[in-house]
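Chemist: If you're matching them up, the sequences are chains A and B in order.
Taking the numbering used here, the leading residue of the first sequence gets 1, the next gets one more, and so forth.
Taking the numbering used here, the leading residue of the second sequence gets 1001, the next gets one more, and so forth.
Once you've had a glance at the structure underneath, I'll fire off some questions.
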Amino acid sequence: MIAIVDQANTALWMFLAFVAATLVITYFSARQSKGASAYFAAGRRITGWQNGLAVAGDYMSAASFLGIAGMIAMNGYDGFLYSVGFLVAYLTVLFLVAEPLRNTGKYTMADVLAFRLSPKPVRAAASVSTLTVSLFYMIAQMVGAGVLVRQLIPGISYEAAVIGVGVLMVVYVVFGGMLATTWVQIIKAVLLISGSVFLSYLVLKKFNFSLGDFFASLTAISSTGPDGETQTRNFLHPGLIFKNPWDQISLGMALLFGTAGLPHILIRFYTVPDAKTARVSVVWAMLIIGAFYIMTTFFGFGAASLLGPDYVKANGGTNMAAPELARLLGGEVFFAFISAVAFATILAVVAGLTIGASTSFAHDFFVNVIHHGKEHRPGEEVKVARITAFVVGAASIGIAILLGPSVNVAFLVGLAFAVAASANLPVMLASLFWKRFNTSGAVWGLGTGLVSSIGLILVSPDFMKDPIFPLKNPALVSIPLGLLATWLGTVLSKEEASEEKFVELTVRAQTGLGAEKATEH
Amino acid sequence: MSRDDRCHRIARDPEFTALIKKKAALIVPATIFFILYYFALPVGAGWFPELMQKEVWGKVNVAYLFALSQFFMTWGLAFLYVWAAAGWDRQEHRLLKKFGADSKE
């Protein structure tokens, strides 16, 4: 009993130290943060490596840290396929999206669309899509946070954990804006990488730093099978999770094309001074994210080898594989540290989602759709964003508590990626690179991508016993549908203004002429 | 002279069209390449299990090495892009200067 209390205290103190540090940052950010560009884009003064770390911190969610480690620990190689997809996706961001977005937009993804299309309908549609993606992703993170904190610090209930995470993210975003969010993400990325490096080091040490021995230990992992019999499997063999290869293809499409359509990632590229820095920051992010996902080899497979799937299952389940491995190899203090890292991971991601959603509502919907592109009172845009952040926070706390800890929300992350890939990316690419493209194509594309992704999920194995749609992720079908609707909506109507403005958009996207500048100190 | 007008004049400049062609000449094939290379992994894992299970280095099999190679493929293409883009930056800068608009505008 005393041991449990001590362990809870170590983890709790580490949580509190992290929270205290982030609140100090928020306080100083709030004092600096004056004006819309400061609030929404950190004054566009974040440097390349800082933004790279922040993108990594914004992106690597609890699903990737705890989820992938757990999947590899339970079923081996197939879990590692997630790791690969999460990184390769950044080539889409680097080659096609980051620089043109920075050159032509101001605060949101919809800015790029509104440049040449009729602003009201496309901003409204893009805002709906942004809020949907953010909310799906957010609920998955919040439920995950509640379950996790309850396991990591005994004595804290699911509800208390959800409320705690929700209140903190709202405080960061409402008071500290993008600057505070950025620093929370940077600190989290540094903590996550340090924790992963040390955990990987401890795993390899256990094998006397022999990679050969490490991999050899994975070829015969024993566990209890579905019918209670003991099974021995080679964890380096593919196919232990995915029985239907089309599931992997569909998931791969969602990851590869969805990342470049995730609003909370895209808005990070507005925080740097210019497109060149945006490019550099993507590469920094790719180095950090790639290094992290390669290390899932050591702590994912390491958990399979050193703990074994049965132990993981009996001790908190898949999500606890990495923390339990840390406990085995580094004792209670390291367990507490890894737990605090997991908590920091969730906070940084939900803060990014909150600012993404509130920026889109305030900038796209409130100012540009309802108020025709003008602030009625100075500072109104920021004020609305702050209120929205508060509402988003309250709503996600409410929904997460209502759903409860036992609901399976993992599919929501896949769904967020699928909507981003099927709705957001096609219209953004069409807007940047297709002269003929127009408003009707954008609205059709966004609407179809969104509705088809959600619709297919509702008839998929996650929702039905006899699913009408056999795949877990809808991307394989919803991306072609989104593209088709974008094309059809475009060719069935004519909009000369859009074609005329294409030249200006291309010149500005490709040269940076007239791009938003960083604010002076 | 309106900004819109200047954009049209830049767009007609042979240096600009050459720049766009140069960018496309790298980005289009590189994008097709990484998409094919990436999807070869789930295709291999799903439909060619014998090949993927073949052990190459100790117990390390084709499946793991192919997955690991994706990381280096990604980093390699990223650095190739950054290297090429440094050249594009210089051309853009020259171009904007020629039209009396530096990137400070």
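We treat Cβ as the ideally placed atom computed from N, Cα and C, and that holds for glycine.
1) Just to confirm before moving on: does the CB-CB distance between Gly447 of chain A and Ala125 of chain A stay below 9 Å?
2) Look up Arg233 of chain A in the DSSP assignment and say whether it is helix, strand or coil.
3) Excluding sequence positions up to five away, which residues of its chain have a Cβ less than 8 Å from the Cβ of Val84 of chain A?
4) Could you work out which residue in A:Ser440, A:Leu218 and A:Leu481 is closest to Pro119 of chain A when comparing CA atoms only?
5) Looking at the secondary structure, which residues open and close the alpha helix (DSSP H) in which Val84 of chain A lies?
6) Just curious, the alpha helix (DSSP H) that Ala99 of chain A is in, first and last residue?
7) Considering only residues of the same chain and omitting the five flanking positions on each side of Leu1065 of chain B, which have a CB-CB separation below 7 Å?
8) Can you name, in chain order, every residue of its own chain whose Cβ lies under 8 Å from the Cβ of Val443 of chain A, other than the five neighbours on each side?
9) By how many angstroms is the C-alpha of Glu504 of chain A removed from the C-alpha of Glu496 of chain A?
10) Skipping 5 residues on each side, what residues in its chain have a beta carbon closer than 7 Å to that of Gly529 of chain A?
11) Are Val167 of chain A and Ala1011 of chain B closer than 9 Å when you measure CB to CB?
12) Check Thr130 of chain A in the structure and name its three-state DSSP category.
13) Is any beta-carbon of chain B found at less than 9 Å from that of Gly52 of chain A?
14) For the alpha helix (DSSP H) that Glu496 of chain A lies in, which residues bound it at each end?
15) When burial is assigned at 16 or more other CB atoms within 10 Å of the CB, is Gly331 of chain A buried or exposed?
16) With DSSP as the reference, identify every bridge partner of Trp1057 of chain B, one or two as the case may be.
17) Quick check: the Cα distance between Ala351 of chain A and Gly398 of chain A, rounded to an integer number of angstroms?
18) In whole angstroms, what is the alpha-carbon distance linking Ala518 of chain A and Gly146 of chain A?
19) If I measure Cβ to Cβ from Glu1105 of chain B and keep anything under 6 Å in the same chain, skipping five residues before and after, which residues do I get?
20) Tell me, please, whether the CB atom of Gly984 of chain B is closer than 9 Å to any CB atom in chain A?
21) Considering only C-alpha positions, which residue in the set A:Ala410, A:Ala304, A:Val280 and A:His264 is nearest to Ala321 of chain A?
22) How many Å lie between Ala54 of chain A and Asp466 of chain A at the Cα?
23) Is it true that the region 95–111 of chain A meets the region 1086–1098 of chain B, where meeting means three or more beta-carbon pairs spaced less than 8 Å apart?
24) Leaving out the 5 sequence neighbours to the left and right, which residues in its chain are closer than 7 Å to Ala278 of chain A when beta-carbon positions are compared?
25) Is Thr219 of chain A helix, strand or coil when you go by DSSP?
26) Please determine, among A:Ala389, A:Lys435 and A:Ser339, the residue with the shortest C-alpha to C-alpha distance to Leu191 of chain A.
27) What does the Cβ neighbour count give for Asp364 of chain A, buried or exposed, with the cut at 16 atoms within 10 Å?
28) By a C-beta neighbour count over all protein chains shown, 10 Å radius and 16 as the cutoff for buried, is Asp227 of chain A buried or exposed?
29) Taking only three categories from DSSP, how would you classify Leu179 of chain A?
30) Would you kindly work out how many angstroms separate the C-alpha atoms of Thr359 of chain A and Ala38 of chain A, rounded to a whole number?
31) Per DSSP, Thr277 of chain A is paired with what?
32) Could you check if Leu1065 of chain B belongs to the surroundings of the ligand SAM, using beta carbon to heavy atom distance under 8 Å?
33) According to the neighbour-count rule (16 or more other Cβ atoms, all chains shown, within 10 Å of its Cβ), is Glu381 of chain A buried or exposed?
34) Listed from N- to C-terminal order along the chain, which residues in the region 1030–1047 of chain B have their beta-carbon within a distance smaller than 9 Å of any beta-carbon of chain A?
35) Is Ala410 of chain A closer than 9 Å to Gly261 of chain A when the C-beta atoms are compared?
36) Pro323 of chain A: buried (16+ other C-beta within 10 angstroms of its C-beta) or exposed?
Modeler: Checking against the coordinates, here is how it stands:
1) Taking the first sequence and counting its residues from 1, the one referred to as residue 447 of chain A is at position 447. Taking the first sequence and counting its residues from 1, the one referred to as residue 125 of chain A is at position 125. Going by C-beta atoms, Gly447 of chain A is nearer than 9 Å to Ala125 of chain A.
2) On the first sequence, residue 233 of chain A is found 233 positions in, with the first residue counted as 1. Arg233 of chain A falls in the strand class under three-state DSSP.
3) In the first sequence, residue 84 of chain A corresponds to position 84, counting from 1. Setting aside the 5 residues that flank it on each side, Val84 of chain A is surrounded in the same chain by Tyr293, each with a C-beta closer than 8 Å to its C-beta; the list follows chain order.
4) Position 119 of the first sequence, counted from the start, is the residue given in the question as residue 119 of chain A. Across the set A:Ser440, A:Leu218 and A:Leu481, the C-alpha of A:Ser440 shows the shortest separation from the C-alpha of Pro119 of chain A.
5) By 1-based counting over the first sequence, the position of residue 84 of chain A is 84. Tyr77 to Thr92 is the extent of the alpha helix (DSSP H) around Val84 of chain A.
6) Within the first sequence, the letter at position 99 stands for residue 99 of chain A. Note that residue 99 of chain A is Glu in the sequence shown, not Ala. Here the alpha helix (DSSP H) through Glu99 of chain A covers Ala98 to Thr104.
7) Locating residue 1065 of chain B in the second sequence gives position 65, counting from the first residue. The beta carbon of Leu1065 of chain B lies closer than 7 Å to those of Val1056 in the same chain, with the five residues before and after it left out.
8) Your numbering for residue 443 of chain A matches position 443 in the first sequence. Only Pro121, Val122, Ala125 and Gly489 meet the Cβ criterion.
9) The residue labelled residue 496 of chain A in the question sits at position 496 within the first sequence. The residue labelled residue 504 of chain A in the question sits at position 504 within the first sequence. Between the alpha carbons of Glu496 of chain A and Glu504 of chain A lies a distance of about 14 Å.
10) This structure gives no information on residue 529 of chain A, because the portion of chain A shown stretches from 1 to 521.
11) Residue 167 of chain A sits at position 167 when you count from the first residue of the first sequence. Residue 1011 of chain B sits at position 11 when you count from the first residue of the second sequence. Val167 of chain A places its beta carbon 9 Å or farther from that of Ala1011 of chain B.
12) Here residue 130 of chain A corresponds to residue number 130 of the first sequence, with the count starting at 1. In the structure shown, Thr130 of chain A sits in a helix (DSSP, three-state: H, G or I).
13) Residue 52 of chain A sits at position 52 when you count from the first residue of the first sequence. At a cut-off of 9 Å between C-beta atoms, Gly52 of chain A does not count as an interface residue with respect to chain B.
14) In the first sequence, counting from the first residue as 1, residue 496 of chain A sits at position 496. Taken as a continuous stretch (DSSP letters only), the alpha helix (DSSP H) holding Glu496 of chain A covers Glu496 to Thr511.
15) Taking the first sequence and counting its residues from 1, the one referred to as residue 331 of chain A is at position 331. Looking at its Cβ environment, which holds fewer than 16 other Cβ atoms inside 10 Å, Gly331 of chain A is exposed.
16) If you number the second sequence from 1, residue 1057 of chain B lands on position 57. Its beta-bridge partners are B:Val1060.
17) By 1-based counting over the first sequence, the position of residue 351 of chain A is 351. By 1-based counting over the first sequence, the position of residue 398 of chain A is 398. Roughly 17 Å between the two C-alpha positions.
18) The residue given as residue 518 of chain A occupies position 518 in the first sequence. The residue given as residue 146 of chain A occupies position 146 in the first sequence. When rounded, the distance between both Cα atoms is 38 Å.
19) What you label residue 1105 of chain B is simply residue 105 of the second sequence in a count that begins at 1. With a pLDDT of 47 at Glu1105 of chain B, under the threshold of 50, the modelled position of this residue cannot be trusted; read the value that follows with caution. Around Glu1105 of chain B: no qualifying Cβ.
20) Residue 984 of chain B lies beyond the stretch modelled for chain B, which goes from 1001 to 1105, so this question has no answer here.
21) Taking the first residue of the first sequence as 1, we reach residue 321 of chain A at position 321. Closest in C-alpha terms to Ala321 of chain A, from the list A:Ala410, A:Ala304, A:Val280 and A:His264, comes A:Ala304.
22) As a first step, residue 54 of chain A must be located in the first sequence, where it is residue number 54. As a first step, residue 466 of chain A must be located in the first sequence, where it is residue number 466. For Ala54 of chain A and Asp466 of chain A, the distance between alpha carbons rounds to 42 Å.
23) The region 95–111 of chain A vs the region 1086–1098 of chain B: no contact.
24) Translated into positions along the first sequence, residue 278 of chain A becomes position 278. Only Ala98, Glu99, Arg102, Phe269 and Val272 meet the Cβ criterion.
25) For the purposes of this step, residue 219 of chain A is taken as the residue at position 219 of the first sequence. Under the three-state reduction of DSSP output, Thr219 of chain A falls in the coil class, being neither helix nor strand.
26) The residue given as residue 191 of chain A occupies position 191 in the first sequence. Checking every option, the nearest Cα to that of Leu191 of chain A belongs to A:Ser339.
27) By 1-based counting over the first sequence, the position of residue 364 of chain A is 364. Asp364 of chain A should be labelled buried.
28) Here residue 227 of chain A is taken as the residue at index 227 of the first sequence, counted from 1. Classification of Asp227 of chain A: exposed, given that the 10 Å Cβ count is below 16.
29) Your numbering for residue 179 of chain A matches position 179 in the first sequence. The answer is helix: DSSP assigns Leu179 of chain A an H, G or I state.
30) Reading the first sequence from its first residue, position 359 is the one you call residue 359 of chain A. Reading the first sequence from its first residue, position 38 is the one you call residue 38 of chain A. Those two C-alpha atoms are separated by around 12 Å.
31) Here residue 277 of chain A refers to the residue found at position 277 of the first sequence. In the DSSP assignment, Thr277 of chain A forms no beta bridge with any residue.
32) As presented, the structure is devoid of all ligands, the ligand SAM included, so that no description of it is given.
33) As a working mapping, residue 381 of chain A is identified with position 381 in the first sequence. Glu381 of chain A should be labelled buried.
34) Within the region 1030–1047 of chain B, the residues whose Cβ lies closer than 9 Å to some Cβ of chain A are Ala1030, Thr1031, Phe1034, Ile1035, Tyr1037, Tyr1038, Phe1039, Leu1041, Pro1042, Val1043, Gly1044, Ala1045, Gly1046 and Trp1047, listed in chain order.
35) By 1-based counting over the first sequence, the position of residue 261 of chain A is 261. By 1-based counting over the first sequence, the position of residue 410 of chain A is 410. No. Outside cutoff.
36) Here residue 323 of chain A is taken as the residue at index 323 of the first sequence, counted from 1. Its Cβ being crowded by 16 or more others within 10 Å, Pro323 of chain A is buried.
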